[in-house]
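The sequence shown begins at 9 in the numbering used here and counts up one residue at a time.
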Amino acid sequence: MSASSAFNDEKGGSSSVGEPEYGHDPASGGIFSSDYKRHDDLKEMLDSNKDSLKLEAMKRIVAMIARGKNASDLFPAVVKNVACKNIEVKKLVYVYLVRYAEEQQDLALLSISTFQRGLKDPNQLIRASALRVLSSIRVTIIVPIMMLAIKEAASDMSPYVRKTAAHAIPKLYSLDPEQKDQLIEVIEKLLADKTTLVAGSVVMAFEEVCPERIDLIHKNYRKLCNLLIDVEEWGQVVIINMLTRYARTQFLNPNINESLLEEGGGGDKTFYGSEEDDDEDEEEKEKKSEAPAMAKRKPYVMDPDHRLLLRNTKPLLQSRNAAVVMAVAQLYFHLAPKAEIGVIAKALVRLLRSHSEVQYVVLQNVATMSIKRRGMFEPYLKSFYIRSTDPTQIKVLKLEVLTNLANETNISTILREFQTYIKSMDKDFVAATIQAIGRCATNIGEVRDTCLNGLVQLLSNRDELVVAESVVVIKKLLQMQPEKHSDIIKHMAKLTDNIQVPMARASILWLIGEYCEHVPKIAPDVLRKMAKSFTNEEDIVKLQIINLAAKLYLTNSKQTKLLTQYVLNLAKYDQNYDIRDRARFIRQLIVPTEKSGALSKYAKKLFLALKPAPVLESPFKDRDHFQLGSLSHLLNAKAGGYQELPDWPEAAPDASVRNVEVPEWTKCSSREKRKEKKVEKPFYSDSEGESGPTESADSESDSVSGSESRSGSEESGSGSESEESEEGSETEEEEEEDEDEKDKKKKKKELKKPVQESESEQSSEEEERKHVRKSKQRKSDSESESDEEESESESSQSESEDSESEAEVKKKKKAAVSKPPSKPVKKESKKEKKEMSLLDLDDFEPAPSRQATPVNSFLSNSLATDLEGLSLSDAVLSPATIAPSSALKNYELLHRITGEGLSVEYCFSRQPFSPDANMVAVQMQFTNNATSDTKNLHMEDVKLQSGMRVKEFPEIELLPAGDTATAVMGIDFCDSTQTANFQLCTHTRKFFVSIQPPVGELMRPVFLTENEFKKEQGQLMGMNEITEKLTLDVKCRNEHAIVQRVTTAANLSRVPCGSDKECRFAGRTVTSGSLVLVTVATKEEGAAQLTVNCEKMVIGTMLVKDILLALTQ
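What follows is the structure, given as structure tokens:
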């Protein structure tokens, strides 16, 4: 058949009557015909010189594979095209090869050199596919080639290729376990990778190859915790399971004092709940060195790394993936303090709305949890009620959970629910319900009689299975108090005529035999009836008939001697050897002869001994020794590859193993910070609310050396007041950013080295002052980040998490503005060109008086502005000397993508604008992210609403690539929030930008005494007064927090106040000088009243909204 006719066929024509016809649609059934000609056509297309035909053929072949058809006979034709230049064809060839390389190993080996070339391809997808195919060829001869390929891919620039290298590691290990040591080196290298794409895959490889090498995790522990929120879902599951095992080996049991706390009543909740974070902050430093001693001396204090894990996994309870939620739930169950485990209940109950398969797994785990932690699920009792549409296995598991949750308070509700279930048509479910009623009766003594009566009523049910199950359960219940219930035993004896289920008959006979003295008249008659039908009974019933005969012979031999001998004779010739043996044994025991030994005199004691009542226990009682969520837990048997959950250590292992080594200069600067801390204390001692968290945050950052550890613990310090409520995903993202930011600051400074000037002659005093300011700046930075979640800078943070490259640029920029670390040591090592950079603004101080009022200190803005009037003149605060403040909100003016490499951020510096006091000072920060220099940065074409004015910033003649510059401009907004529009111009481009102020930035602080405040307020009543009632946020119920939030929202000054229930603030609008007065009066339980008095009603209304938002969120 010619090539042309073959291609005609592809297009839908048919060349002769004998050939089949094929549709145009590549997914239509025709093209998958098993006719040999069909594959010939594909082979010819693959051999063609046209890439379009090859691509069409490959698409069809991949479609065949997707439909489950066998395309292995095309392997030789496909493998030839692995060297094809067309990238699309190449991708599809690799998809095919990954599927069939294992089956056609010999042919794949022939193309191994092509795969090796593919590993060097410029396209990351091809490199990854080549490695995937190579690792799919399971032939020991190419192990060295695979090893080399994995090592190279582990150092690849593309995270996708590194991820594929991590996937190849377990494949190589299963092929040749002797490569373990080399593979561990690769795993160690990949564990240090900072990208979220690689994290999950490498932890999976770690779990497959060397799960016992916990030491590889130490240095990466904090990084994994912080990356967790951004890893893909299946990676999260693997990492969480691994970290659960890690934490069980490295931290102390948080419930070690559980019994002691339970004796003390409800103390455990307050200890682990609200106060825990403060304890953690104050005592963390001591704990590092003397954890074992502390365990003996005082209550348990959680390791900050343990807290970091719990805090960073908590937001994942809201994941859309059930497996992630289940993984976090098991982590909390195995690792969290008892008082904190409750948070997982709601998430697990949410999963019960999912598919039945998910429900089954979740309910298995809930059943185990509800045995140990019953209180956790009690509020959600109704979520476990059974629906008629539930499959049987789900119904049985829900019954199990309901039974575990039953207690004196809810038992009546649960029993009412059970009564309904007994009427179900599902017989297995009814039987399980009856068992559940029995368990409730044994566990809760108050309802035992009620349950027994209910079960006895079921004995008259028409359904034999229901009756049989009831008999079995009643037998167990009667063993608890047989003397009270002889009439029930009589009633059951009558059922022997009707019930045919062997287990039920056997149970009745056992009951009558065991308590024959309570029914002396009925028992012999039952034996007589049973002897008649002995030969037709099931084996289990026959054994109980023999037992009944023996017991009656010992207690009432007159009436039953002959019956017993008859039964034993029948049993002697039974087909079942168990029954024959039992009959022989019992005859020797109860019928004394000369030959019978010493045992016969103890026959009564043997047969009629008091037997303990059976304990009806949950089948899930001992399952928690398996890790929850694992296959082994589901099957209740150890599955292959299952890792045992380690026991908690007796004494805490050394926590310093998780500290990451840092360069010498960083350690030096942290030592200097320790000195300054002593200087700071008297400075902060006036405001009580601030000193605690600040000092604890500092002590933490000292105790944990290394950039990653410092970021983790500092955040737990600065957020200590609001630990429980702030654990949302945003906090987690901030932590991750903080950590990466510090690494990138280091890189940034190294790049900047040549530009920095040599200042070794700078006096030690100035150096110390500079560090004081920087450390304050850092603190206020972390404080403001947690307070300003709604700001636009937050949105830029989340954006940076999405794109790696953007994050780098932004973080370099932040690093440059907020804290250039450790200049002194670097200055000594190199002498560079004398070049003034705006990054080094901190070093050029016109007068020491400025030190008294750092804008971004930990103090409230109001106090800073009060001090301003005392020590600052306009001349000192010329635009060039305003320090960039990281405590203020940053807004994005020009994104680096829109600006073609130029990015601009601005903030309202809250400083008087010296050229014109009626203007608002706007501080702008320009960053050149492009590879070329930017020149002549200036403003043009300013478009303003009537009355508004602008004082342009001085032109920036040159902004080198990778550099940052700061400038200050003034805008008179005319006391309105209208936008100022203008063009930002460079030597090549113009960008349209606009600045819109928040209403709080249109004011300047003014100092008033209490009497002046009241007098002015009296004149601004009626239409000029706006009052709103509100409920304060939990984190905002102390005076310090209120002051901080109000002064962050609006540039106002604090007014002294005699009452501790009121906070007052005053300011004037920048343009017209109109007075703005704000009062926040607090009441009981977080209620408060906000009053704003302002001549300008529009400003008053907008200000009320902003302050309300600040105080309630």
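Even for Gly, the Cβ is constructed at its ideal location relative to N, Cα and C.
Could you name the residues that DSSP lists as bridge partners for ARG1076? ARG1012, LEU1083
Residue of PHE385, ARG395, ILE402, THR397 minimising C-alpha distance to ALA414: PHE385
Can you have a look at ALA558 and say buried or exposed, based on whether 16 or more other CB atoms are within 10 angstroms of its CB? buried
Identity of the residues DSSP links to LEU1123 by a beta bridge: One cannot answer for residue 1123 here, as it falls past the ends of the chain, which runs 9 to 1121.
I need the straight-line Cα distance from SER799 to PHE1021, nearest angstrom please. Only weak support is given to the placement of SER799: the predicted model assigns it a pLDDT of 41, under 50, and the value that follows is read from those uncertain coordinates. Cα to Cα, SER799 sits roughly 31 Å from PHE1021.
Pick out whichever of ASP1068, VAL246, VAL599 has its Cα sitting closest to the Cα of GLN573. VAL599
Measure how close the beta-carbons of ARG590 and ILE554 come, nearest whole angstrom, since I'm counting them as under 8 Å. 6 Å
Should HIS995 go down as buried or exposed, given a rule of 16 or more other Cβ atoms within 10 Å for buried? exposed
With DSSP as the reference, please indicate the residues paired to VAL245 in a beta bridge. Paired residues: none, contrary to the question.
Can you look up LEU636 in the DSSP assignment and give me helix, strand or coil? coil
Find the nearest neighbour of LEU576 within the set ARG592, ARG1076, THR1039, GLU425, judged by alpha-carbon distance. ARG592
Between which two residues does the beta strand (DSSP E) carrying THR935 extend? 928-936
Own chain, CB closer than 6 Å to THR450, minus 5 neighbours either side, in chain order: LEU624
If you drop the 5 nearest sequence neighbours on each side, which residues of the same chain put their C-beta closer than 7 Å to that of ALA969? ASN936, ALA938, THR939, SER940, ASP941
Just to check my reading of the structure: VAL1007 and ASP1114 have Cβ atoms closer than 8 Å, yes? What is that Cβ distance to the nearest angstrom? 6 Å
Under 8 Å between C-beta atoms of ALA514 and GLN552: yes
Proximity of LEU1010 and LEU1119 at Cβ, strictly below 8 Å: no
Please classify HIS633 as buried or exposed, where buried requires at least 16 neighbouring CB atoms within 10 angstroms. exposed
Top-ranked residue by Cα proximity to ILE1186, from ASP184, GLN508, ASP434, ALA176: Since the first residue of the chain shown is 9 and the last is 1121, residue 1186 is not available in this structure.
Here's the rule: buried if 16 or more other CB atoms are within 10 angstroms of the residue's CB, otherwise exposed. What is ALA337? buried
So VAL509 and ILE482 are in contact, right, with Cβ under 8 Å, and what is the actual spacing, rounded? That belief does not hold up - the Cβ atoms of VAL509 and ILE482 are roughly 14 Å apart, past 8 Å.
So what's CYS915 in DSSP terms, helix, strand or just coil? strand
Which first and last residues belong to the alpha helix (DSSP H) in which SER1061 is found? Where SER1061 is concerned, there is no enclosing alpha helix (DSSP H), although the beta strand (DSSP E) it sits in stretches over 1061-1063.
Going straight from the alpha carbon of HIS903 to that of MET932, what length do you get? 13 Å
Nearest by alpha-carbon distance to SER626: which of ASN412, ILE422, ILE1034 is it? ASN412
Can you tell me whether ASP980 is helix, strand or coil according to DSSP? strand
In this structure, how does DSSP classify ALA1095 when only helix, strand and coil are distinguished? strand
With a Cβ-Cβ cutoff of 8 Å, do LEU945 and GLU963 count as a contact? yes
Rounding to the nearest angstrom, what Cα-Cα distance links ILE587 and LYS492 in this structure? 33 Å
For the beta strand (DSSP E) that contains TYR610, what are its first and last residues? Unbroken run through TYR610: none, as it is neither H nor E.
Per DSSP, the bridge partner or partners of ASN1101: GLU1033, LEU1085
Contacting residues, own chain, Cβ-Cβ under 7 Å from ILE177 (five flanking each side not counted): ILE158, LEU191, VAL194, ILE195, ALA213, VAL217
Enclosing beta strand (DSSP E) for LYS959 [first to last residue]: 957-959
Enumerate, from N- to C-terminal direction, the unbroken alpha helix (DSSP H) stretches of 4 or more residues contained entirely within the segment 387-433. 400-413, 419-429
If you compare alpha carbons, which of PRO130, MET947, MET310 is closest to LYS346? MET310
Should SER36 be labelled buried (16 or more other beta-carbon atoms within 10 Å of its own) or exposed? For SER36, the pLDDT reaches just 48, beneath the cut-off of 50, and the residue's location in the model is therefore unreliable, although a value from the coordinates is still provided. Exposed, since its Cβ has fewer than 16 Cβ neighbours within 10 Å.
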